[in-house]
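J.: Read left to right, the sequence shown gives residues -26 to -1, 1 to 83 (mature numbering (1 follows the signal peptide of the UniProt record, and there is no 0)). What follows is a structure written as structure tokens; I'll ask about it next.
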Amino acid sequence: MARSLGLIAVLVGMLMVVEFASIADAKYKSYLRVYEEAGCRHRSELYNSCGCHNLKYSGGFKYDYNEKHDEHSKMTVYKHPNCHGVGFVLPHEDKNHCRPFPFKSVHIK
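Structural data, given as structure tokens:
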């Protein structure tokens, strides 16, 4: 019985380590958060996964670049949906832009 409890404790500990590691990984990703209204207020959406995303809001944005854990990420914003047209690469630095902006989509690499 004591061996079973010890084994269960070890398994629970291992699961907790895996869970905390996945949370930490998500925490360190660079991301773009767009806001519904100017002033970076009201509803917002967060984009941090690879690929092209059409932006739901255009009232303002916050770009959080994590140079320590996500140094090779690149976010390119477009004035057209579906990442069409000429893109503008966001600089590798944190940026708050709490006024309306013209971008309709973002490609994350």
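Even for Gly, the Cβ is constructed at its ideal location relative to N, Cα and C.
Nearest to S32 by alpha carbon, out of E11, M49, D68 and N22?
T.: For the purposes of this step, residue 32 is identified with residue 58 of the sequence shown, where counting begins at 1. Closest by alpha carbon: E11.
J.: Can you tell me whether DSSP reads N56 as helix, strand or coil?
T.: On the sequence shown, position 82 is the one that residue 56 refers to. Looking at N56 - three-state DSSP - the assignment turns out to be helix.
J.: Please report the distance separating the alpha-carbon of R7 from that of E19.
T.: As a first step, residue 7 must be located in the sequence shown, where it is residue number 33. As a first step, residue 19 must be located in the sequence shown, where it is residue number 45. Going from the Cα of R7 to the Cα of E19 covers about 6 Å.
J.: Please list, in chain order, all residues of the same chain as N56 whose beta carbon is under 7 Å from its beta carbon, the five residues on each side excluded.
T.: Locating residue 56 in the sequence shown gives position 82, where the first residue counts as 1. So the list reads C26, N28 and S79, once near-sequence residues are dropped.
J.: Where does R15 fall in DSSP's three states?
T.: In the sequence shown, the residue the question calls residue 15 occupies position 41. R15: strand per DSSP, three-state reduction.
J.: Find out if the Cβ-Cβ distance for the pair F75, F35 is shorter than 8 Å.
T.: Within the sequence shown, numbered from 1, the residue matching residue 75 stands at position 101. Within the sequence shown, numbered from 1, the residue matching residue 35 stands at position 61. Cβ distance < 8 Å, so F75 and F35 count as in contact.
J.: Quick check: what's the CA-CA separation for H81 versus G13?
T.: Your numbering for residue 81 matches position 107 in the sequence shown. Your numbering for residue 13 matches position 39 in the sequence shown. The straight-line gap from Cα to Cα measures roughly 24 Å.
J.: Give the range of the beta strand (DSSP E) segment to which D38 is assigned.
T.: As a first step, residue 38 must be located in the sequence shown, where it is residue number 64. Per DSSP, D38 belongs to the beta strand (DSSP E) from G34 to D38.
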